[in-house]
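Chemist: Here it is, the structure in full.
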Amino acid sequence: MTTLIPRLYAVDKTTGALSPIDGWSKIELSPVRNEAGAITVEMAAGAPGYSTLAAGIDAALNKDVEVEIHVSGSATGRFRGFLQQKAGDDLGRGKKWTFSGSFLEQLLSEALVYPGTGAGYNDKKELTFSAVSPGTVLITAAQQAQTRGALSGVTWDFTTSVDSAGVAWATSLTNLSFTPGTSIQAIASKLEDLQVAEFELSAGRVLRAWNYGTRGTDRTTGGTPLRFAQAANLGTASHRESARTPDSGTAVLVKGAEGYYGQASDATALANRGRRVEVASDAGNIATQSGVDAAAQATMAIKKIGVAAYEYAVALGGSNPAPRLDFEVGDWAFCVVGQQFVRRRISQYVITFEQGKAPTAVVALNDLVTDPLVALYQKLAALADGGAVVGTSTATPGGDADTLAPAAPTGLTASSIAYQDDAAGETYASVTFGWSAVTTNTDGSAIGDLAGYKVQYAYLGLGQVGPPLTGSPAPTLYYYEPTPSNGITATSFTFGGVGAGSDVGLRVAAFDSNGNQGPWSSRLDFTTAIDNTPPPVPATPTLNIWFRTVDITSNGRGSAGEVMPLDIDGFEVWVSRSATITVPSTLTNPVAFDPAATGAQHVANLGIAGGTWNVSDLPVGIGYYAALRSYDRAGNPSALSAVAGPVQAETLVQIDIGPNAIGRSQIIDLEVIRAKIDNLAVNSAKVEEIQAGLVTTGTLVATVTLSGIIRTASSGLRWEGDPAGIRFYNSAGTKTIDLQGASGSALITGQLQSALSGKRWVMTVAGDLLLYPTAGSAYSRLWNLGTGIAMRGPLDSSGYSGRVNVDSSGVGINFSAETDLGNLLAEVLVQDRKVQISATNHYTYLDGRYTPVDSSGERFYDLMETNSSGTPIASTRLRYSNYSGQPTWMSPGSSCGFRFDPGAGGVVQVVNNASTTYTQLKGILTNTSSQESKTDIEEVRTLFDPIAMIQSAPSKAWRYITDVNVYGEAAPIRFGPMAEALPAVLVRETPNVDSTALEKSVDVGSMIGVLWAVVNQLLTRRITSTTATCVVPSGTTIGPGATIEVPCTWESSPLAPPEDALVFLNAGLLGAGRVTAWLKPGSVTDTGATVVFRNISNSPVRSAAAGALAGLTNVTATVIGQALYSPPLAA
């Protein structure tokens, strides 16, 4: 890793020349992702370069200083920015002064949107955009600013169609406006708030912009991932979390404008908290129900997880990574959270340089919590203040219920990384699936109520078998849904637990705040990553010789001193007499050390922490070398380490025999009594006769015990034998055959065959088994595919034969060409309780699992036709299934079928594709069957009032969502009441569209019975009435145009409470034509009513008083109350 070496320069405004500022005492650099960050310089007054900075910042002259900071001793990784503030003590030389500012993003704050007219502006002179990319917004604003002289020297490396990485812009902004005075920094920040773009202004004044979430480098992958860990590069770790109210909750109530309210809750948050915690929020000027609902859902996404942040003090120097040089803001890294490593994104770091001290760094990381929280808060703020909404048009007022679904997402992308699951002992893949934001409904209109997305993935089966697995429609694919039940709001989703190296199909669908889910996107077929990244090269081993034993030690680290990756599995120990050690490309098993071998030997494996292995019985006088090779759990070997050595065995006793101590002599009769070797004559180094039992003319007839090695040569092409076994070597000294006596194991690296011709088997070097017939060369083949095995019979003249594939997911049997596996003529696929059979123009599928992956709760059997390529035709599918004990034949392509319900008295149901809408044939055809076939018979009116029920549940016009998804605007309009408005006794629970829950439904036969009861009730009703007299109190004067209300009481108890009444006015002679009366609305009760009297003349009217005029001025009214009376049911 690179050492940090700071240099500070002032930049000449005219020439761009750099002037060193060497007198600084402290420099602090703090870049922040998508912001201008901060620069701070401290120095003593009068220090070298002080006058340049002090004179360069002048408030009266409106001056600042552009500076350049090097952190590597050169321009590599340089920073550029402006120092614009200074503070210090003027009283003496040597007093500390502080100069502060920010990086070049400051330039974006110095360019504004100006008012305009015509194209691109609205009537408020605001700069507006519609259906454009984030690149178009930034380039338009920057170009306008440059025409006025702002943003001098700034260029950009993105376009209106692609970002700075050359990737097409994923999002279109359909409604965006900026008021005059808005800075380009604010525009760029708005694009980040809306999660459509990220940006920076480089030290070379190049404005860069990326699709949101793609700035930076993923440093968690590769051989040496970036990790902030204790004992590696981590000094301190600060971790802050908050779950207090109102930081978090389990339910939210959001208030909008004009009386709109939205609410949302989260079941997971409720289960975690153990109690309902309600939090209020304000959605500002959002004035539509869909907008407030969207704000509620977004707020719930914030409140359900609280707030968290992570800060790490990073040790610098040595092999530790350095900020700016080895990682940057926006990069991804591993960091410690609790006792485990988690993947986080670098949002900010602070580098501090002080004279006489080592540099320090603090890194702030966040991802899973903080980044989404900030983005959602900013997005809600944009909604609340009337700002732009991504993917929507201008808000429209609320109206009838929304049944229009969002369009299918497009722009699908996928990536993955492999990881090791220690608990399962398996290698899995983490998949990141992305798509472009949905901005329209299915009819092409702009969407204003997008709520989120749901993601599904399916395994495509045995990848080596080919179609129909990869080319089949829905019947052969079972989709998992890794997203939460309430979906997600982002345009990408990462999930794990997918088999490494698996072929999967990915798809996504959008849904709106009214619950309308749009069609699924096209399927993106994708092969997940496998772990093929080797671990780092190990550090050079250390060798320690003692007597005839050498200790070979590994420190468990990489060649640069780095900590090994999390999936390291051990180290191979290799020894050789040569300094050049050549090892196989794949892992091998260790063997016992052979002192006579001259080539490389793999003698041991060390654990994940390294350690020591000793090799004994080294021959005296021969030098030995050693090296290490690391390997991970996926079996990936590293390159060989540097070679250590040579070392030689130590000699305990040195025997000195002087020159010419033994000359040319004859040993005639040497008798070794205990060995009983008689008559051994050695003449001129010739053995003339040996008698040991009987040895004559090269023939040995005896029992001979050998304790050494017999070999045909000491090196090169040879064979050799010893008590351990027999070994054969090629001319390069590489072992080709090894027969082990103790274990009985045999190693043969070449081709092995049972005969040279005729019926035979051949085991190839690649490990394939070829079975030859008695005559000819049309062999059958058995071979290892890596993820399974395959077996094929002899190919016919067209290159076809039968083939069997077996792996962990099942068995596939097909008739195909070896060179064109996708063109299958027939196939049988057997998986976990599933069977699939396909042939020309035929396709059969059986699923015997009680809870298959599609969560339908069905066991089913499919029959389909196929086209000439063997691909099933979805419209011809006929499915038999057992739905909760109810046999069903369904034609999904026609969205209809039959279901037999023995538990409901032999009812046959005509059902739709989702099994949510059906008609009971028996309920229609035999509804008037005799009493003998029925039980629990009673009058409908004992359960509810039929007329009152119909009054409270009016009939409405509507379309089924499933019909709209199939037929669009041509879906038929249907009529009837809503199940939620009916009494519970009329409502049935049936599966919803997704078959994931039950929903309320209405039995048509029961509704006909209710109408029958209504007619019967109407025919038996009669009118009943009662009366009351209403008298204006004596002495009351009613002025011209004035009114008076007078209550009255019924004179008799009616059979039914009056529902309305008639009023007959009785005025005295002097009041005739001057007073009118009517019934006060809503005043009729079961005890009386209220009459309103009004003087319609120009003079006062006085009611009766005592005396002769009483009969002439009485003001009264007769009230007749009326009601419809239904006689009680007969006993």
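Under my numbering, think of the first position of the sequence shown as 299, with each following residue one higher. Note that the Cβ used here is the ideal one computed from N, Cα and C, for glycine as well.
1) Go to Val435, then tell me how far its alpha helix (DSSP H) extends in each direction, as first and last residue.
2) Please work out which residues of its chain come closer than 8 Å, Cβ to Cβ, to Gly1006, disregarding the five sequence neighbours upstream and downstream, and give them in chain order.
3) How about the stretch 774-783 and the stretch 823-831: do they share at least three Cβ pairs that are nearer than 8 Å?
4) Under three-state DSSP, which class holds Asp801?
5) Among the residues of its own chain, which have a CB less than 8 Å from the CB of Pro863, if the five just before and after it don't count?
6) Please classify Asp849: does DSSP put it in a helix, a strand, or coil?
7) Considering only residues of the same chain and omitting the five flanking positions on each side of Leu1317, which have a CB-CB separation below 8 Å?
8) Would Gly1274 be called buried (16 or more neighbouring beta carbons within 10 Å of its own) or exposed?
9) In three-state terms, what does DSSP make of Val494?
10) Who are Glu1343's beta bridge partners in DSSP?
11) If you draw a straight line from the alpha carbon of Leu316 to that of Ile367, how long is it in whole angstroms?
12) For Asn812, which of helix, strand or coil comes out of DSSP?
13) Would a C-beta distance cut-off of 9 Å place Val881 and Ile850 closer than the cut-off?
14) Between the alpha carbons of Ala1251 and Pro1244, how many angstroms are there, rounded?
15) Threshold first: 3 residues or longer. Then list the beta strand (DSSP E) segments lying entirely within the stretch 1227-1264, N to C.
16) With burial defined as no fewer than 16 other Cβ atoms inside 10 Å of the residue's Cβ, what is the status of Asn332: buried or exposed?
17) Taking 8 Å as the threshold, find out whether the stretch 836-849 comes into contact with the stretch 779-792 through three or more Cβ pairs.
18) Using the Cβ count rule (16 or more neighbours within 10 Å means buried), how would you classify Gln404?
19) So if DSSP puts Trp454 in a beta bridge, which residue, or which two residues, is it bridged to?
20) Could you give the residue range of the beta strand (DSSP E) that holds Ser328?
21) Taking only the alpha-carbon atoms, compute the straight-line gap between Ser398 and Ser407 and give it to the nearest angstrom.
22) Please report the straight-line C-alpha distance between Gln1249 and Val1238, rounded to a whole angstrom.
23) Along the chain, where does the alpha helix (DSSP H) that runs through Met1305 open and close?
24) So if DSSP puts Thr1085 in a beta bridge, which residue, or which two residues, is it bridged to?
25) With C-beta atoms as the reference, is Ser400 less than 9 Å away from Ile337?
26) Where does Glu340 sit, in a helix, a strand or coil, going by DSSP?
27) Taking its Cβ as the centre, do 16 or more other Cβ atoms sit within 10 Å of Gly511, making it buried, or is it exposed?
28) Can you find a C-beta in chain C that's less than 9 Å from the C-beta of Ile1171?
29) Tell me the rounded alpha-carbon separation between Gln1229 and Gln561.
30) Using the DSSP secondary-structure output, state which residues sit across from Tyr1070 in a beta bridge.
31) According to DSSP, is Ile482 part of a helix, a strand, or is it coil?
32) Report the option in Leu804, Thr792, Val753 and Val889 whose CA atom is closest to the CA atom of Asn784.
33) What does DSSP give as the partner residue(s) for Arg376 in the beta ladder?
34) If I follow the unbroken beta strand (DSSP E) through Gly1108, where does it start and stop?
35) For Ile920, which of Arg855, Leu306, Val848 and Leu1427 has the nearest alpha-carbon?
36) When the Cα atoms are used, what is the spatial distance from Tyr757 to Asp801?
Modeler: With the structure as the only source:
1) Note, Val435: alpha helix (DSSP H), Pro432 to Thr445.
2) Around Gly1006: Asp1020.
3) With a cut-off of 8 Å, the stretch 823-831 and the stretch 774-783 do not count as touching, because too few Cβ pairs lie within range.
4) Of the three classes helix, strand and coil, the one that applies to Asp801 here is strand, per DSSP.
5) Only residues of its own chain outside the window of five on either side were considered, and among them Gly521, Thr522, Pro523, Pro833, Pro834 and Asp930 have a CB closer than 8 Å to the CB of Pro863, listed in chain order.
6) Here Asp849 sits in strand by DSSP.
7) Scanning its chain for C-beta atoms nearer than 8 Å, with the 5 sequence neighbours on each side dropped, one finds no residue around Leu1317.
8) Exposed, since its Cβ has fewer than 16 Cβ neighbours within 10 Å.
9) Three-state DSSP puts Val494 in coil, outside helix and strand.
10) In DSSP, Glu1343 forms a bridge with Val1390.
11) It is roughly 10 Å from the alpha-carbon of Leu316 to the alpha-carbon of Ile367.
12) If DSSP states are grouped into helix, strand and coil, Asn812 belongs with coil.
13) Ile850 sits away from Val881, with the two beta carbons spaced by 9 Å or more.
14) Spanning the two alpha carbons is a distance of roughly 11 Å.
15) Taking only runs of at least 3 residues, the beta strand (DSSP E) segments lying wholly in the stretch 1227-1264 are 1254-1256.
16) Around the Cβ of Asn332, a 10 Å sphere holds 16 or more other Cβ atoms; the residue is buried.
17) Because the criterion of three Cβ pairs below 8 Å is not met, the stretch 836-849 and the stretch 779-792 do not touch.
18) Counting C-beta atoms within 10 angstroms of its own C-beta, Gln404 has 16 or more neighbours from the protein chains shown and is therefore classed as buried.
19) Leu505.
20) Per DSSP, Ser328 belongs to the beta strand (DSSP E) from Trp322 to Ser328.
21) Rounded to the nearest angstrom, the two C-alpha atoms are 17 Å apart.
22) Rounded to the nearest angstrom, the two C-alpha atoms are 16 Å apart.
23) That run of the alpha helix (DSSP H) goes Val1302 to Thr1318.
24) DSSP output for Thr1085 lists no bridge partner at all.
25) Yes; because the gap between Cβ atoms is below 9 Å, this pair is in contact.
26) The three-state reading of DSSP puts Glu340 in strand, counting E and B together.
27) Label assigned to Gly511: buried.
28) Here there is only one protein chain, and chain C is not present.
29) Rounded to the nearest whole angstrom, the C-alpha separation of Gln1229 and Gln561 is 50 Å.
30) Its beta-bridge partners are Arg1058.
31) Correct three-state label for Ile482: helix.
32) Of the listed residues, the one whose Cα sits closest to Asn784 is Val753.
33) Arg376 is not bridged to any residue.
34) Looking at the DSSP string, the run of the beta strand (DSSP E) that includes Gly1108 is Gly1108 to Ala1115.
35) Comparing Cα-Cα distances from Ile920 to each of Arg855, Leu306, Val848 and Leu1427, the minimum goes to Val848.
36) Looking at the two C-alpha atoms, the distance is approximately 6 Å.
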